[in-house]
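K.L.:
Below is the structure I would like to discuss, written out as structure tokens.
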Amino acid sequence: MQSIKKNYICNSTEKAAKLIDDGKIVIFPTETVYGIGANAYNDEAVSLIFKLKGRPLNNPLIVHCADIKTVEEISYLSGIAKILAESFWPGPLSLVLKRKSNNIARSVSNGLDTICVRIPSNKIALELLSKTKCKAIAAPSANLSNYISPTKIEHVIDVFGDTSILSGEQSVYGIESSIIDCSKTYDTNNCDNLISILRHGFIGTEEIQKVLDSNNLTNLKILSIKEVNNLGHNPQYKIKFDPKVEVLLAPGMMKKHYSPYTQLNINQNNNENFDKRIHINFGPQEFNGIKTFNLSKSANLEEAAFNLYTILRQADEFAIANKINLLTISSIPNHKIGIAINEKLEKAQLSI
Ligand code: TXA
Ligand code: MG
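In my numbering, the protein residues as written are 50 to 401.
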């Protein structure tokens, strides 16, 4: 007999905070995507998140903090990291920092000496955090591992049985936070001068470069994930960590992610085989499918990011219900937030 998944929908941040402090799991809204969270100091509760999501244990979690004081209790926030924190927090940016030896649950980052932290800007998330005693909630996106991330309460209901959901609006950005590694993990002559973008989001290279320029940090180099990956082959750089950790250094490189169940083909600007596919458009020019969607008729990248996961889910559900085995999507300009959208789509095209 199939088990019935029952959620408890909660409108009170006080009650949700108490649940977190009591070692329970709570799904909550953020400005990027919905998170599934546990007290970051409670190893049993954090381990349960991995179990519920079917997430590999070597994929570490982001710790959401109520304030800078909490960030500084668990990690070393200095130099460029502090400048980025002051510029973008609260907001859709996560920083990988050296972790302090403290009681953060081991399962959060599986024994790494770094930790990924962020202060979210969503009002409900911040209220929840500030009402907890722990002030730190470990939370990945509230989806089953590899499936499309949730941006609406409808996306999380019935997915995880017996969890509480703190209700909220649709996530305003719609894609995950940018992840910047500031933990100086590269052993070079001037290792202090390297940071890297592990995952693109709303805050991209341009925004970070502006902050560096206005702080006269002209020597600081921002590496892309591809450059990080190439470091291993470049004798100029030595990655300090052991091979097990190297994998974790590049979380964005996990090939399959955010995938619909149906095969997705990207960069499809044509009307070929439209009777066999469901198509997702971007911009005023409409390509056809048995059913078509549009991320943004006015070709607005921010609107497209906001709609991305909802439309991918709708298209996937339509495909499954109508036994159609192909989703196609128009190309998305590869600048600004389009870089993050394309990063997601490249992973989504490898179906689960
Ligand atoms: O927007 C977001 O960041 C959302 C909301 C809920 O805040 N959370 C989210 O979590 O996207 P998740 O688990 O889906 O992605 C966390 C990413 C993973 O790819 C993980 O590998 C990386 O953060 N990460 C965590 N700790 C790390 C560390 N110490 N070093 C490198 N990467 C790390
Ligand atoms: Mg995720």
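Ideal Cβ positions, reconstructed from N, Cα and C, are used throughout, including at glycine.
Does the separation of the CB atoms of residue 257 and residue 244 fall below 9 Å?
P.N.:
Here residue 257 is taken as the residue at index 208 of the sequence shown, counted from 1. Here residue 244 is taken as the residue at index 195 of the sequence shown, counted from 1. Contact flag set, yes.
K.L.:
If you check the beta carbons only, do residue 377 and residue 332 fall under 9 Å apart?
P.N.:
Mapped onto the sequence shown, residue 377 falls at position 328. Mapped onto the sequence shown, residue 332 falls at position 283. Going by C-beta atoms, residue 377 is not nearer than 9 Å to residue 332.
K.L.:
Find out if the Cβ-Cβ distance for the pair residue 66, residue 74 is shorter than 9 Å.
P.N.:
For this step, residue 66 is matched to residue 17 along the sequence shown. For this step, residue 74 is matched to residue 25 along the sequence shown. No, these two residues do not count as a Cβ contact at 9 Å.
K.L.:
Can you give me the C-alpha to C-alpha distance between residue 311 and residue 387, rounded to a whole angstrom?
P.N.:
If you number the sequence shown from 1, residue 311 lands on position 262. If you number the sequence shown from 1, residue 387 lands on position 338. Their Cα atoms are separated by approximately 22 Å.
K.L.:
Pull up the DSSP beta-bridge partners for residue 342, would you.
P.N.:
Residue mapping note: residue 342 aligns to position 293 of the sequence shown, counting from 1. DSSP, once it has assigned bridges, lists 329 as partnering residue 342.
K.L.:
Ends of the alpha helix (DSSP H) at residue 350?
P.N.:
Stepping through the sequence shown from its first residue, residue 350 is reached at position 301. Secondary structure note for residue 350: its alpha helix (DSSP H) is the uninterrupted segment 350 to 370.
K.L.:
Identify every residue that forms a DSSP beta bridge with residue 88.
P.N.:
On the sequence shown, position 39 is the one that residue 88 refers to. Residue 88 is bridged to 186.
K.L.:
From the DSSP output, in three-state form, read off residue 295 for me.
P.N.:
Looking up residue 295 in the sequence shown gives position 246. Since pLDDT at residue 295 reaches only 36, below the 50 mark, its modelled position is unreliable, and the value read off the structure follows with that caveat. In the structure shown, residue 295 sits in a helix (DSSP, three-state: H, G or I).
K.L.:
Select from 187, 131, 137 the residue whose C-alpha is nearest the C-alpha of residue 154.
P.N.:
Sequence index remark: in the sequence shown, residue 154 carries index 105 (1-based). Measuring from the Cα of residue 154, the nearest candidate turns out to be 187.
K.L.:
Would you mind reading off the limits of the beta strand (DSSP E) that contains residue 248?
P.N.:
Here residue 248 corresponds to residue number 199 of the sequence shown, with the count starting at 1. In the DSSP assignment, residue 248 falls within the beta strand (DSSP E) that extends over 243 to 248.
K.L.:
Quick one: measure Cβ to Cβ for residue 202 and residue 216, integer angstroms, because I've assumed they're closer than 8 Å.
P.N.:
Start at 1 with the first residue of the sequence shown, and residue 202 comes out as number 153. Start at 1 with the first residue of the sequence shown, and residue 216 comes out as number 167. Rounded, the Cβ-Cβ distance is 6 Å, consistent with contact.
K.L.:
Around the C-beta of residue 383, are 16 or more other C-beta atoms found within 10 angstroms, so that it is buried, or is it exposed?
P.N.:
One-based indexing of the sequence shown puts residue 383 at position 334. With fewer than 16 Cβ atoms within 10 Å of its Cβ, residue 383 is classed as exposed.
K.L.:
Around the Cβ of residue 392, are there at least 16 other Cβ atoms within 10 angstroms (buried) or fewer (exposed)?
P.N.:
Within the sequence shown, residue 392 is the residue found at index 343, counting from 1. Residue 392 should be labelled buried.
K.L.:
When burial is assigned at 16 or more other CB atoms within 10 Å of the CB, is residue 317 buried or exposed?
P.N.:
Position 268 of the sequence shown, counted from the first residue, corresponds to residue 317. Residue 317 comes out buried.
K.L.:
If you draw a straight line from the alpha carbon of residue 325 to that of residue 175, how long is it in whole angstroms?
P.N.:
Here residue 325 corresponds to residue number 276 of the sequence shown, with the count starting at 1. Here residue 175 corresponds to residue number 126 of the sequence shown, with the count starting at 1. Cα-Cα distance, rounded: 45 Å.
K.L.:
What I want to know is whether the C-beta of residue 200 ends up closer than 8 Å to one or more non-hydrogen atoms of the ligand TXA.
P.N.:
As a working mapping, residue 200 is identified with position 151 in the sequence shown. No, since every heavy atom of the ligand TXA falls outside the 8 Å radius drawn around the Cβ of residue 200.
K.L.:
Quick one: give me the first and last residue of the beta strand (DSSP E) that residue 156 is part of.
P.N.:
Mapped onto the sequence shown, residue 156 falls at position 107. Run containing residue 156: none in the beta strand (DSSP E); it sits in the alpha helix (DSSP H), 155 to 158.
K.L.:
Considering only DSSP beta bridges, list what residue 57 is partnered with.
P.N.:
The residue labelled residue 57 in the question sits at position 8 within the sequence shown. BP columns for residue 57 point to 213.
K.L.:
Whole angstroms is fine: what's the gap from residue 399's alpha carbon to residue 273's?
P.N.:
The residue you call residue 399 lines up with position 350 of the sequence shown. The residue you call residue 273 lines up with position 224 of the sequence shown. Taking the straight line from one Cα to the other gives about 22 Å.
K.L.:
For residue 114, which residues does DSSP report across the bridge?
P.N.:
Taking the sequence shown and counting its residues from 1, the one referred to as residue 114 is at position 65. According to DSSP, residue 114 bridges with 185.
K.L.:
Pick from 334, 271, 397, 207: whose alpha carbon is nearest that of residue 55?
P.N.:
Translated into the one-based positions of the sequence shown, residue 55 becomes position 6. Here the closest residue by C-alpha is 207.
K.L.:
For the ligand MG, is there a heavy atom less than 8 Å away from the beta-carbon of residue 190?
P.N.:
As a first step, residue 190 must be located in the sequence shown, where it is residue number 141. Checking the Cβ of residue 190 against the ligand MG gives yes.
K.L.:
Helix, strand or coil: how does DSSP classify residue 286 here?
P.N.:
Residue numbering aside, residue 286 sits at position 237 when the sequence shown is read from its first letter. Reliability of the predicted coordinates at residue 286 is poor, the pLDDT of 47 falling under 50, and no value is obtained from them.
K.L.:
For residue 219, name the three-state secondary structure that DSSP assigns.
P.N.:
As a first step, residue 219 is located in the sequence shown; it is residue number 170 there, counting from the start. Coil at residue 219, not helix or strand.
K.L.:
Could you give the distance in angstroms between the alpha-carbon of residue 63 and the alpha-carbon of residue 115?
P.N.:
Your numbering for residue 63 matches position 14 in the sequence shown. Your numbering for residue 115 matches position 66 in the sequence shown. Roughly 14 Å separates the two Cα atoms.
K.L.:
If you measure between the beta carbons of residue 106 and residue 126, is that distance less than 9 Å?
P.N.:
Translated into the one-based positions of the sequence shown, residue 106 becomes position 57. Translated into the one-based positions of the sequence shown, residue 126 becomes position 77. No; because the gap between Cβ atoms is not below 9 Å, this pair is not in contact.
K.L.:
Pick helix, strand or coil for residue 273, following the three-state DSSP scheme.
P.N.:
To locate residue 273, count along the sequence shown from 1; it is residue 224. Residue 273 falls in the coil class under three-state DSSP.
K.L.:
What does residue 76 pair with, by DSSP beta-bridge criteria?
P.N.:
Within the sequence shown, residue 76 is the residue found at index 27, counting from 1. Answer is 85, 214, bridged to residue 76.
K.L.:
Under 8 Å, with one C-beta from each stretch per pair, do the stretch 212 to 227 and the stretch 119 to 135 reach the 3-pair mark?
P.N.:
Under the Cβ criterion (8 Å, minimum of three pairs), the stretch 212 to 227 does not count as touching the stretch 119 to 135.
K.L.:
In the structure shown, what three-state DSSP assignment does residue 119 receive?
P.N.:
On the sequence shown, residue 119 is found 70 positions in, with the first residue counted as 1. DSSP places residue 119 in helix when its eight states are reduced to three.
K.L.:
Could you spell out where the beta strand (DSSP E) holding residue 312 opens and where it closes?
P.N.:
To locate residue 312, count along the sequence shown from 1; it is residue 263. Residues 312 to 314.
K.L.:
On the DSSP bridge assignment, give the partners of residue 175 in chain order.
P.N.:
Your numbering for residue 175 matches position 126 in the sequence shown. According to DSSP, residue 175 bridges with nothing at all.
K.L.:
Secondary structure at residue 224, three-state DSSP: helix, strand or coil?
P.N.:
Walking along the sequence shown from the start, residue 224 turns up at place 175. In the structure shown, residue 224 sits in coil (DSSP, three-state: anything other than H, G, I, E or B).
K.L.:
Taking residue 375 as part of the beta strand (DSSP E), name the residues at either end of that continuous run.
P.N.:
In the sequence shown, counting from the first residue as 1, residue 375 sits at position 326. Here the beta strand (DSSP E) through residue 375 covers 375 to 378.
K.L.:
Taking only the alpha-carbon atoms, compute the straight-line gap between residue 111 and residue 385 and give it to the nearest angstrom.
P.N.:
Walking along the sequence shown from the start, residue 111 turns up at place 62. Walking along the sequence shown from the start, residue 385 turns up at place 336. Going by the C-alpha atoms only, they are around 24 Å apart.
K.L.:
Under the criterion of a Cβ to heavy atom distance below 8 Å, does residue 173 qualify as lining the ligand TXA?
P.N.:
Counting from one through the sequence shown, the residue named residue 173 turns up at place 124. No; taking the cut-off as 8 Å, the Cβ of residue 173 has no heavy atom of the ligand TXA nearer than that.
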